[in-house]
Amino acid sequence: MSNIKVIACSGIGKAMGLMAREAALQVTGKISPDTTETVCLAYVVSGDEEGAKKVEGCTCITIDGCPAMCAAKSVEHAGGIVKAKYRVIDEMRNHKGVDAGTGTALTEDGWKIVDELAGKISEKAAELTKEGQSNG
Amino acid sequence: MNKGYAVLPCNGLDKCAGCVSKEIAIMLSENSESEIICPVLFHTSDARYNKIAQEKPLLVIDGCATRCASKLAAEKNLKITEKINITEEAKANQITLGKGLQVGEEEMRLAKIIFDKLTHVQEDAKTEDTIAFPASLTYEVYKKDKFVFRLPKEERFYFNENDVWAYVVGNKARIGVTDFVQKSLSDIMFFTPPAIGNQMEQFEDAGNIESAKAVFEIISPVSGTILAINEKLMEAPELINQNPYEQGWIAEMELSDFENDKELLHTFDGYFEVLKRKVDEFHVKH
Amino acid sequence: MDEKQVGVLSCSGEECLGGTIARLATRKVMEVLRPDNVVTLCLPLYIAGGDEERDFAKEYPVIAVDACDKCCAKRATIKYSGAVKDSLVLSDILGEDAVLSKIVSARDLKEEHYKMVDKAAEEICKKVDKILTD
């Protein structure tokens, strides 16, 4: 079974875009490097056949910063099978009053939220990997 | 979602009416979103109940003419939305309260009648279709950088300097915030609504909205009573970002003094200039 | 006085270091170096249908900043808004080896990375200034 694709929006304008990006890097680079990988969202939808192949028919997890849901929409449009959609804004709603930082740099609190989210996503990825293995 | 009451019962222990008052408070807390304020604790230390008293409409239940619960509410400067007097209700429903302190069949019947009346009032407030709002609006836009600020041109819109609008139909109004607010805040994550039943003066707080950047107090453009809130915002406050004039409306009110209130409000022409000035000064940048 | 505005549409490619550098350089230009004249456009939103981003790019000059020669930002600008005023590929400025090396989390950036950000930001500013004076 191929790796689970974890794709973030990486929106440049908001802290939540940076948090989505960092959560994806945390999952694919540190927590679950053997079973997950990330891909460039923009390349996937660029129109290049090679780009689309990276997600087409693959099990994907998307991480969006805000309710615009750019990663989820674009990955689905490119033919990815999005099994879980995460939004950083939903994590932020569990941390009322916290200053997470800016689109350039996160605060310590921002990083904590990233780590929490990355933990949840990794668990989900493990669940999906197991499902994939038992389905052959 | 029914927001329920903040219930302040008299809890009088020397009369049956006091016991019925407590019974109704328990029924409300168990069968609706209501929360009980313990009058004894509230009298000595009110910190614990301040939040409930602010967020929910206050229901005071007095057992008798001594009106201890009403007096306590007045002492704590609370706005009373609804008042019940058990002795008076018993008379009105031709129910004789027992001389003892046990809550018997007749007392429970009275409690049920009052409970039904109270929960029926809340349902009416929630579901009544109060405002005939247009299916779509016509907007003027002001652009700054890549950001577009819309303002509805319809005649019935009025605006205060605090960037809150009211759409007025007869003696009712729907209120919400303008594009300037939702763009300045960016992604709105929390919505604290005004309590249904709350009576407010023009320019009083009507709840707030919060993003990662700031908390915005919604300053009511009109005086009146809150009839309904946009309950979709409780789960999806981002609707305000999507369109603060249509799906992102905040609350509906019954107006009490619009003829005077409107003297201090802008129509489209006046507020559009205010909006442009604020946008130019603020220069929204992520 | 008419304030000239230039849009910068940057990739944030997650598969290589260049994506991080492009993103940080663009934000530096917007926040610090040219705050009155530069507007950043969000590439994922642009691609997914963001009207504000696309309309801005139709009306104002846009510089596309890409990490590698796949040029996703440039291609998206041309596809959705017709033309790109100027563009920049970081692998041309910083070297392919550096830009295409393994991505680094913002937590793990070192001084050498910030120097790359500064160099990239400087190049973006040159392009911005050229547009503003034309």
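Chains as they are written, first to last, in the working numbering: chain A, 49 to 184; chain B, 95 to 380; chain C, 2 to 135. Each residue gets a CB set at the ideal place from its N, CA and C atoms; glycine is no exception.
According to the DSSP assignment, A:Ile137 belongs to the alpha helix (DSSP H) that extends over 136 to 140. C:Lys71 counts as buried, since no fewer than 16 other beta carbons sit within 10 angstroms of its beta carbon.
Contact annotation: the stretch 124 to 144 of chain B does not touch the stretch 165 to 172 of chain A, with fewer than three C-beta pairs closer than 8 Å. Put simply, the stretch 39 to 46 of chain C touches the stretch 7 to 26 of chain C. At least three CB pairs are less than 8 Å apart.
Shown in chain order are the members of the stretch 283 to 295 of chain B whose Cβ falls below 8 Å from a Cβ of chain A: Met283, Phe284. Between A:Cys108 and A:Gly128, the C-beta gap is smaller than 8 Å, which places the two residues in contact. Looking at the DSSP output, B:Arg244 sits in a beta bridge with B:Val235. Taking a Cβ-Cβ cut-off of 8 Å, the neighbours of C:Leu42 in chain B comprise Lys240, given in sequence order.
Linking C:Tyr115 to A:Thr152 through their CA atoms gives a straight-line distance of about 12 Å. Residue state for B:Lys211 is assigned as helix, using DSSP reduced to three classes. Contact between B:Val271 and B:Asp257 holds, since their C-beta atoms are separated by about 6 Å, short of 8 Å.
The beta carbons of C:Cys12 and C:Asp67 sit closer together than 8 Å. By the CB criterion at 8 Å, A:Ala148 and A:Ile161 fall inside the cutoff. With a 10 Å radius around the Cβ and a threshold of 16 neighbouring Cβ atoms, A:Asn142 comes out exposed. Contiguous alpha helix (DSSP H) elements confined to the stretch 287 to 363 of chain B occur at 326 to 329, 333 to 336, 352 to 355, taking only those with 4 or more residues. B:Ala308 does not reach chain A, its nearest Cβ partner there being about 11 Å away, counting only Cβ pairs nearer than 7 Å. Cβ neighbours of B:Asp108 within its own chain (closer than 6 Å, five residues either side excluded): none. Here B:Glu332 is buried. Its C-beta has 16 or more other C-beta atoms within 10 Å. Taking a C-beta cut-off of 7 Å against chain A, the contacting residues of the stretch 265 to 280 of chain B are Ser280, listed in chain order. Nearest CB-CB separation between A:Cys118 and chain C: below the 8 Å threshold. Burial check for B:His360: the Cβ neighbour count within 10 Å reaches 16 or more, so the residue is buried. C-alpha of C:Ser88 to C-alpha of A:Arg135: approximately 31 Å in a straight line. Shortest Cα-Cα distance from A:Ser122 to any of A:Ser50, A:Ile52, A:Ala56 involves A:Ala56. For B:Phe284, the three-state secondary structure derived from DSSP is strand. Taking B:Phe227 as reference, the option from B:Tyr236, B:Tyr261, B:Gln196 with the minimal CA-CA separation is B:Tyr261.
By the neighbour-count criterion, in which a residue is buried when 16 or more other Cβ atoms sit within 10 angstroms of its Cβ, B:Val373 is buried. Using a CB distance cut-off of 8 Å, C:Arg55 does not count as an interface residue toward chain A.
For a Cβ distance threshold of 7 Å, residue set Ser58, Ile60, Arg69 of chain A lies close to C:Ser13, ordered along the chain.
For B:Ala184, the closest C-alpha among the options B:Cys158, B:Ala163, B:Leu172, B:Gln196 is that of B:Cys158. For B:Glu311, the closest Cβ of chain A is not nearer than 8 Å.
Contact of A:Gly105 with chain C is not assigned, every C-beta pair being separated by 8 Å or more. Looking at the backbone, the Cα of C:Pro62 and that of C:Ile132 are separated by about 8 Å.
In the structure shown, the three-state DSSP call for C:Ile132 is helix.
At a Cβ-Cβ threshold of 8 Å, B:Gly301 and B:Ile344 count as neighbours.
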